[in-house]
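Novice:
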Amino acid sequence: MQYLKATASIAVLAFACGSAAPAFAQAEAQEVEAVIVTAQKREQNLQDVPIVVNVVSGQQLQDAGVRDVKDLQVLTPGLSVTSSSGGAQTSIRIRGVGTIGDNPGLESSVGTVIDGVYRSRSGVAFGDLGELERIEVLKGPQGTVFGKNTSAGVINVITKAPEFEFHAEGELTAGNHDQRGLAASVTGPLGETVAARLFVAKRDRDGYYTVRNGAGPSTQGDNDDQDVFTVRGQVSWLPTDALTFRLMADYTKRDEHCCLDVTTSVGATGAIIDALAADAGLGRPADPFSRIAYANRESTQEIKDKGLSLQADWEINDDLTLTSITAWRDWSNVQGNDIDFSSADLWSRPFDGQTYSKFEVFSQETRLAGTAGPLDWMVGAYYSDEQLDSKNFTPYGVSYETYFGLLLSSGANPNTVSLLTGLPAGTNYVPGQGPLDTFDHSNKGWALFTNNTWR
Numbered sequence: 064m065q066y067l068k069a070t071a072s073i074a075v076l077a078f079a080c081g082s083a084a085p086a087f088a089q090a091e092a093q094e095v096e097a098v099i100v101t102a103q104k105r106e107q108n109l110q111d112v113p114i115v116v117n118v119v120s121g122q123q124l125q126d127a128g129v130r131d132v133k134d135l136q137v138l139t140p141g142l143s144v145t146s147s148s149g150g151a152q153t154s155i156r157i158r159g160v161g162t163i164g165d166n167p168g169l170e171s172s173v174g175t176v177i178d179g180v181y182r183s184r185s186g187v188a189f190g191d192l193g194e195l196e197r198i199e200v201l202k203g204p205q206g207t208v209f210g211k212n213t214s215a216g217v218i219n220v221i222t223k224a225p226e227f228e229f230h231a232e233g234e235l236t237a238g239n240h241d242q243r244g245l246a247a248s249v250t251g252p253l254g255e256t257v258a259a260r261l262f263v264a265k266r267d268r269d270g271y272y273t274v275r276n277g278a279g280p281s282t283q284g285d286n287d288d289q290d291v292f293t294v295r296g297q298v299s300w301l302p303t304d305a306l307t308f309r310l311m312a313d314y315t316k317r318d319e320h321c322c323l324d325v326t327t328s329v330g331a332t333g334a335i336i337d338a339l340a341a342d343a344g345l346g347r348p349a350d351p352f353s354r355i356a357y358a359n360r361e362s363t364q365e366i367k368d369k370g371l372s373l374q375a376d377w378e379i380n381d382d383l384t385l386t387s388i389t390a391w392r393d394w395s396n397v398q399g400n401d402i403d404f405s406s407a408d409l410w411s412r413p414f415d416g417q418t419y420s421k422f423e424v425f426s427q428e429t430r431l432a433g434t435a436g437p438l439d440w441m442v443g444a445y446y447s448d449e450q451l452d453s454k455n456f457t458p459y460g461v462s463y464e465t466y467f468g469l470l471l472s473s474g475a476n477p478n479t480v481s482l483l484t485g486l487p488a489g490t491n492y493v494p495g496q497g498p499l500d501t502f503d504h505s506n507k508g509w510a511l512f513t514n515n516t517w518r
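Heads up: the sequence shown begins at 64 in the working numbering, then just goes up one per residue.
#1: Taking the alpha carbon of residue 274 as the reference point, which residue from 160, 355 and 419 has its own alpha carbon closest?
#2: Residue 323 by DSSP, collapsed to three states: which one?
#3: Would residue 318 pass as a contact of residue 264 if the rule is Cβ separation under 8 Å?
#4: Return the residue from the list 198, 432, 132 and 204 that minimises the CA-CA distance to residue 172.
#5: Could you check which residue in 370, 454 and 460 has the C-alpha nearest to that of residue 500?
#6: Please classify residue 379: is it buried, with 16 or more other beta-carbons within 10 angstroms of its beta-carbon, or exposed?
#7: Give the straight-line distance between the Cα atoms of residue 442 and residue 507, rounded to the nearest whole angstrom.
#8: Which same chain residues end up closer than 7 Å to residue 504 when comparing Cβ atoms and leaving out the 5 residues on each side of it in sequence?
#9: Output the residue ranges of the beta strand (DSSP E) runs that lie fully inside the region 160-206 and measure 3 residues or longer, sorted by chain position.
#10: Starting from residue 99, follow its DSSP beta bridges and name the residues at the other end.
#11: So which of 139, 134, 428 and 415 has the shortest CA-CA distance to residue 387?
#12: Given this structure, state the Cα-to-Cα distance separating residue 214 from residue 162, to the nearest angstrom.
#13: Under a three-way DSSP split, which group does residue 134 fall into?
#14: Report the rounded CA-to-CA distance for residue 391 versus residue 181, giving the unit in angstroms.
#15: Straight-line CA distance for residue 337 to residue 212?
#16: If you compare alpha carbons, which of 201, 208 and 245 is closest to residue 193?
#17: Quick check: the Cα distance between residue 307 and residue 178, rounded to an integer number of angstroms?
#18: In this structure, how does DSSP classify residue 114 when only helix, strand and coil are distinguished?
#19: Which parts of the region 216-255 are runs of the alpha helix (DSSP H), unbroken and 4 residues or longer, counting only runs that do not cross its ends?
#20: Tell me whether residue 230 is buried or exposed, calling it buried when 16 or more other Cβ atoms sit within 10 Å of its Cβ.
#21: Any beta carbon from chain B within less than 8 Å of residue 518's own beta carbon?
#22: When you compare only the Cα positions, how much space is there between residue 518 and residue 434?
#23: Tell me, please, whether the region 281-295 touches the region 310-326 by the rule of three or more beta-carbon pairs shorter than 8 Å.
#24: Just how far apart, CA to CA, sit residue 156 and residue 237?
#25: Tell me which residues share the same chain as residue 464 and place their Cβ nearer than 6 Å to its Cβ, disregarding the 5 neighbours each side in the sequence.
#26: Could you have a look at residue 408 and say whether DSSP puts it in helix, strand or coil?
#27: Measure the alpha-carbon distance for residue 221 versus residue 399 and round it to whole angstroms.
#28: Here's a check: name, in chain order, each residue in its chain whose Cβ is nearer than 6 Å to the Cβ of residue 241, leaving out the five neighbours to either side.
#29: Nearer than 7 Å: is that true of the beta carbon of residue 119 relative to any heavy atom of the ligand HEM?
#30: Taking C-alpha atoms, which residue in 447, 97, 312 and 304 lies nearest to residue 381?
#31: For residue 423, which residues does DSSP report across the bridge?
#32: Would you mind stating whether residue 256 and residue 300 have Cβ atoms separated by less than 8 Å?
#33: Pull up the CB-CB distance for residue 405 and residue 357, whole angstroms please, since I reckon it's below 8 Å.
#34: Tell me the rounded alpha-carbon separation between residue 227 and residue 160.
#35: If you check the beta carbons only, do residue 112 and residue 197 fall under 8 Å apart?
#36: In chain order, what residues of the same chain lie with their CB nearer than 8 Å to the CB of residue 101, ignoring the 5 residues before and after it?
Below you can see the structure in the form of structure tokens.
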């Protein structure tokens, strides 16, 4: 309402001033501040950048309550961020183009860069982003500046740097589903040439799905809850007017129960599942508005993300700058979930540490940027060493063999599997045993790149 009142006041003033209004408008247009971005890895006026860039300022992000990349959708046209099984399984699309799938080996075609450091997967970028200077969403291929896996675009996140004036602030938030948030930050000088910034946040929320567990073993009463803790520290050192070092370290831990489904329709096997469950099984008749899910196993995720980076900038002269960014990141996701999405004990991934994905990445980027008359030029080199370790364990439940037997016999004989194999009942699909997929991946990459603009 304050915005509407301010707009109305300006309109009345313009009408009252009559012919003076164009003069005011012209003077005001001359005072519009330039929007400075680093979309091409150098500071430029947004109007001089020859690509499509949506820039969201830190104040706009704060006013809209943006905490992570997923919240950015409300401020950026054409951006879509979806999660299938939790924050670790996230897909980012720009203008409908992006990589979709839960396979940890898939790299996103929309790159995410936070403070100059490329994040190898979209899910790795999730977490409380903290105090933000701005976010730049670059649309279209960005390979000549940001390298591989940016064929659809880039989300470039710039956090606030340490300041040489003391400043501290805190934030308390509350919402429905017992949502609570606490964040605090402090920045200031540690000497004449050294400044630091510290940000800490703790946010949690109860789930908004009621869960029917059947005979268990899960006792989880709701789903889609979250508990996130983030800490980020930065130190800037300016030994000379031309040389700057910025050391950054961060840690995020995210615990959540996600994701279960409400039954929207019941198929031909619904009666069999209901018969094997201690309660309604799937919940019939289907009611997509009930907010009730069925699962006898927990759907739990524990995500840990930590990293360290050092950026050095040397202004050799007014037209030449050398930049180096050295970074190490470590990310892990341990999860468990009910695969059959019912309260019958059929198939699951137990939350016991046997289903996980882990990334460890080291990267080094060095670039030289300058200006020669009408030419803005940049050359650089990039190296990365990525290690991926992934396991997926899906054991059978106590009712899996019975379910399979009833399925083969159209519900007539639960021992059909034993009749076909000749093995005793209960030994064909032993509860607690099942497929175990192991995936190890090592990737080393080198690149030389250049980006030049003739003005």
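Where a beta carbon is used, it is the ideal one built from N, C-alpha and C, also for glycine.
Specialist: So, from the data block:
#1: Counting from one through the sequence shown, the residue named residue 274 turns up at place 211. Of the candidates 160, 355 and 419, the one whose C-alpha sits nearest the C-alpha of residue 274 is 355.
#2: To locate residue 323, count along the sequence shown from 1; it is residue 260. Three-state DSSP puts residue 323 in coil, outside helix and strand.
#3: Within the sequence shown, residue 318 is the residue found at index 255, counting from 1. Within the sequence shown, residue 264 is the residue found at index 201, counting from 1. Result no, Cβ atoms of residue 318 and residue 264 do not sit closer than 8 Å.
#4: Translated into the one-based positions of the sequence shown, residue 172 becomes position 109. Nearest C-alpha to residue 172: 204.
#5: Stepping through the sequence shown from its first residue, residue 500 is reached at position 437. Residue 454 is the option with its Cα nearest to residue 500.
#6: Along the sequence shown, one-based indexing puts residue 379 at 316. Exposed.
#7: As a first step, residue 442 is located in the sequence shown; it is residue number 379 there, counting from the start. As a first step, residue 507 is located in the sequence shown; it is residue number 444 there, counting from the start. Rounded to whole angstroms, residue 442 to residue 507 spans 21 Å at the Cα level.
#8: For the purposes of this step, residue 504 is taken as residue 441 along the sequence shown, with counting starting at 1. Only residues of its own chain outside the window of five on either side were considered, and among them 168 and 451 have a CB closer than 7 Å to the CB of residue 504, listed in chain order.
#9: Listed in chain order, they are 173-177, 180-182 and 195-202.
#10: Locating residue 99 in the sequence shown gives position 36, where the first residue counts as 1. For residue 99, which the question treats as bridged, DSSP gives the partners 108.
#11: Reading the sequence shown from its first residue, position 324 is the one you call residue 387. The candidate whose alpha carbon is nearest that of residue 387 is 428.
#12: As a first step, residue 214 must be located in the sequence shown, where it is residue number 151. As a first step, residue 162 must be located in the sequence shown, where it is residue number 99. Taking the straight line joining both Cα atoms gives about 10 Å.
#13: Your numbering for residue 134 matches position 71 in the sequence shown. Residue 134 sits in a helix when the DSSP states are folded into three classes.
#14: Working through the sequence shown from its first residue, we reach residue 391 at position 328. Working through the sequence shown from its first residue, we reach residue 181 at position 118. Approximately 10 Å between the Cα atoms of the pair.
#15: Along the sequence shown, one-based indexing puts residue 337 at 274. Along the sequence shown, one-based indexing puts residue 212 at 149. In a straight line, the C-alpha of residue 337 is about 45 Å away from that of residue 212.
#16: Here residue 193 refers to the residue found at position 130 of the sequence shown. Taking only the C-alpha atoms, the option nearest residue 193 is 245.
#17: By 1-based counting over the sequence shown, the position of residue 307 is 244. By 1-based counting over the sequence shown, the position of residue 178 is 115. Their Cα atoms are separated by approximately 15 Å.
#18: To locate residue 114, count along the sequence shown from 1; it is residue 51. Correct three-state label for residue 114: coil.
#19: For the region 216-255, there is no continuous alpha helix (DSSP H) assignment of 4+ residues that stays within its boundaries.
#20: Walking along the sequence shown from the start, residue 230 turns up at place 167. Of the residues assessed, residue 230 falls on the exposed side of the cut-off, its CB having fewer than 16 other CB atoms within 10 angstroms.
#21: The chain inventory of the structure shown lacks chain B, comprising one protein chain alone.
#22: What you label residue 518 is simply residue 455 of the sequence shown in a count that begins at 1. What you label residue 434 is simply residue 371 of the sequence shown in a count that begins at 1. Distance from the CA of residue 518 to the CA of residue 434, rounded to the nearest whole angstrom, comes to 11 Å.
#23: Cβ pair count under 8 Å is three or more, so yes.
#24: Here residue 156 refers to the residue found at position 93 of the sequence shown. Here residue 237 refers to the residue found at position 174 of the sequence shown. So the alpha carbons of these two residues sit roughly 30 Å apart.
#25: Walking along the sequence shown from the start, residue 464 turns up at place 401. Once the five neighbours on either side are set aside, the close Cβ partners of residue 464 are 480, 491 and 492.
#26: Here residue 408 refers to the residue found at position 345 of the sequence shown. Of the three classes helix, strand and coil, the one that applies to residue 408 here is coil, per DSSP.
#27: Translated into positions along the sequence shown, residue 221 becomes position 158. Translated into positions along the sequence shown, residue 399 becomes position 336. The alpha-carbon atoms of residue 221 and residue 399 are separated by roughly 33 Å.
#28: Mapped onto the sequence shown, residue 241 falls at position 178. Taking C-beta separations shorter than 6 Å and ignoring five residues to either side along the sequence, the partners of residue 241 in its chain run 269, following chain order.
#29: Within the structure as shown, the ligand HEM is missing, as the structure has no ligands at all.
#30: Translated into positions along the sequence shown, residue 381 becomes position 318. Comparing Cα-Cα distances from residue 381 to each of 447, 97, 312 and 304, the minimum goes to 304.
#31: Taking the sequence shown and counting its residues from 1, one reaches residue 423 at position 360. Partner residues in the beta bridge of residue 423, as assigned by DSSP, are 393 and 450.
#32: Position 193 of the sequence shown, counting from 1, holds the residue named residue 256. Position 237 of the sequence shown, counting from 1, holds the residue named residue 300. At a Cβ-Cβ threshold of 8 Å, residue 256 and residue 300 count as neighbours.
#33: Translated into the one-based positions of the sequence shown, residue 405 becomes position 342. Translated into the one-based positions of the sequence shown, residue 357 becomes position 294. Indeed, because the Cβ distance is near 5 Å, the residues count as touching under 8 Å.
#34: As a first step, residue 227 is located in the sequence shown; it is residue number 164 there, counting from the start. As a first step, residue 160 is located in the sequence shown; it is residue number 97 there, counting from the start. Cα-Cα distance, rounded: 42 Å.
#35: Reading the sequence shown from its first residue, position 49 is the one you call residue 112. Reading the sequence shown from its first residue, position 134 is the one you call residue 197. Taking 8 Å as the Cβ cut-off, residue 112 and residue 197 do not qualify as a contacting pair.
#36: By one-based count along the sequence shown, residue 101 stands at place 38. For residue 101, where only same-chain residues beyond five positions count, the Cβ hits under 8 Å are 107, 199, 219 and 221.
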